[in-house]
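Under the working numbering, think of the first position of the sequence shown as 11, with each following residue one higher.
From the three backbone atoms N, C-alpha and C, an ideal C-beta is built for every residue, glycine too.
Note that the structure is predicted; figures quoted are calculated from it, not measured.
Report on the following structure.
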Amino acid sequence: MPRERSSRSLQLRFGAGLLGTLLVAAGPAPAAEPTGAPRGEALVAAYNHRPFGNPGRRQVRLELRSGEQVTRTFVVSNLWRRQGEEVRTVFVLEEPVGLKGTNYLLVEDPGDSRGMQVFLHLPAGERRVLSVQPSRFDEGLLGSDFGYRDLRLQLPLAGVRYEVRGQERMLGRPVWVVEAIPEGEADRRSRYYLSEAPVLLLGVDHLRALPGGGRFEVVKRLRVEGLRQVDGAWTETRMVMQAPEGRSSVLTLEGFQPAYAVARRELFEPGALPGLFDAVARLAGASGQPGGSP
11 MPRERSSRSL
21 QLRFGAGLLG
31 TLLVAAGPAP
41 AAEPTGAPRG
51 EALVAAYNHR
61 PFGNPGRRQV
71 RLELRSGEQV
81 TRTFVVSNLW
91 RRQGEEVRTV
101 FVLEEPVGLK
111 GTNYLLVEDP
121 GDSRGMQVFL
131 HLPAGERRVL
141 SVQPSRFDEG
151 LLGSDFGYRD
161 LRLQLPLAGV
171 RYEVRGQERM
181 LGRPVWVVEA
191 IPEGEADRRS
201 RYYLSEAPVL
211 LLGVDHLRAL
221 PGGGRFEVVK
231 RLRVEGLRQV
241 DGAWTETRMV
251 MQAPEGRSSV
261 LTLEGFQPAY
271 AVARRELFEP
281 GALPGLFDAV
291 ARLAGASGQP
301 GGSP
């Protein structure tokens, strides 16, 4: 395939999902909440208010893998800014250079019934800023198994019921298993693995209902394999999303600045997306810390 055609194909796949009909493993039937467990909504609210830096900047390397083989590599920078309960994050694709200009804006408000909004800019075609519909929030980014929902900084509170299902251990920490049940969507749900003191998200299982009802299967499994605290703010250093047939997507931290004061408010608007690559590059130079330190 010619290089130009390949680049255009990848740009269009920025919103193309890989879930299909494949399954990873079967999940157990729902259990009653254990005695003495905290309320699921309280855990989620505490997670949403954890210190993650405001404003902040992070640079990550995304690897797409088939078994042990790396098939694609991308470098992505994201900047975020919190105002009240709303968090706005921009994602800028830096490498490969042939996909320059591919970026999106994620607007989160846990109390909003929509949960979040996504605005996407692709340099191919008409180069317009597109509004991504909620039905596509789970679709894979850049051909990976990470969807828009997987990269948000908060979890929704409106339109979702949370139930604590038990306890496990991850990264040497006890975690509560919290199941999220969306209103009006009986065929899907997610399990979040939340530690306490501090409340951090260490894993996610995305589930889909089996025919006949009563049981669910895991279609994707996210595990956090490393954490770091910088100036009081927490960030993941490595995240692995496991998918069917030996596929996986790995996010590795390359830079983190939790007090990125040069992240101006006007960058976090849909209209800023077409010029975002150059704007972020200028900010990195102005900050004197191009990549930060993981």
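Review point. By Cβ distance below 6 Å, which residues in the same chain neighbour G111 in space, the five residues on each side in sequence not counted?
Key: P133, F287
Practice item. Decide yes or no for the touch test of the region 250-269 against the region 102-121: beta carbon pairs closer than 8 Å, at least 3 of them. Key: no
Practice item. Have a look at A243 and G66 and give me their C-alpha separation to the nearest angstrom. Key: 10 Å
Practice item. Spell out a yes or no on whether the region 171-179 and the region 275-283 are touching, meaning 3 or more CB-CB pairs, one atom from each, closer than 8 Å. Key: no
Exercise for review: Run the CB neighbour count on S145, radius 10 Å, all protein chains shown included, and call it buried at 16 or more, exposed below.
Suggested key: exposed
Point to revise | Within 7 Å, strictly: CB atoms of E82 and L74 | key: Sequence inspection shows Arg at residue 82; the Glu mentioned does not correspond to that position. Against a cut-off of 7 Å, the Cβ pair of L74 and R82 comes out as a contact.
Review point. Nearest-angstrom Cα distance between N64 and T99?
Key: 11 Å
Exercise for review: Identify every residue that forms a DSSP beta bridge with H216.
Suggested key: S200, K230
Review point. Which residues bound the alpha helix (DSSP H) around G264?
Key: Per the sequence shown, residue 264 should be read as Glu rather than Gly. Per DSSP, E264 belongs to no alpha helix (DSSP H); it is in the beta strand (DSSP E), 257-267.
Check your understanding: Hey, out of E95, V139, R159, whose CA is closest to Y202's CA?
Key -> R159
Check your understanding: Roughly how many angstroms separate the alpha carbons of G256 and P61, rounded to a whole number?
Key -> 34 Å
Check your understanding: Among D197, L167, P192, S205, which has the Cα closest to the Cα of A47?
Key -> S205
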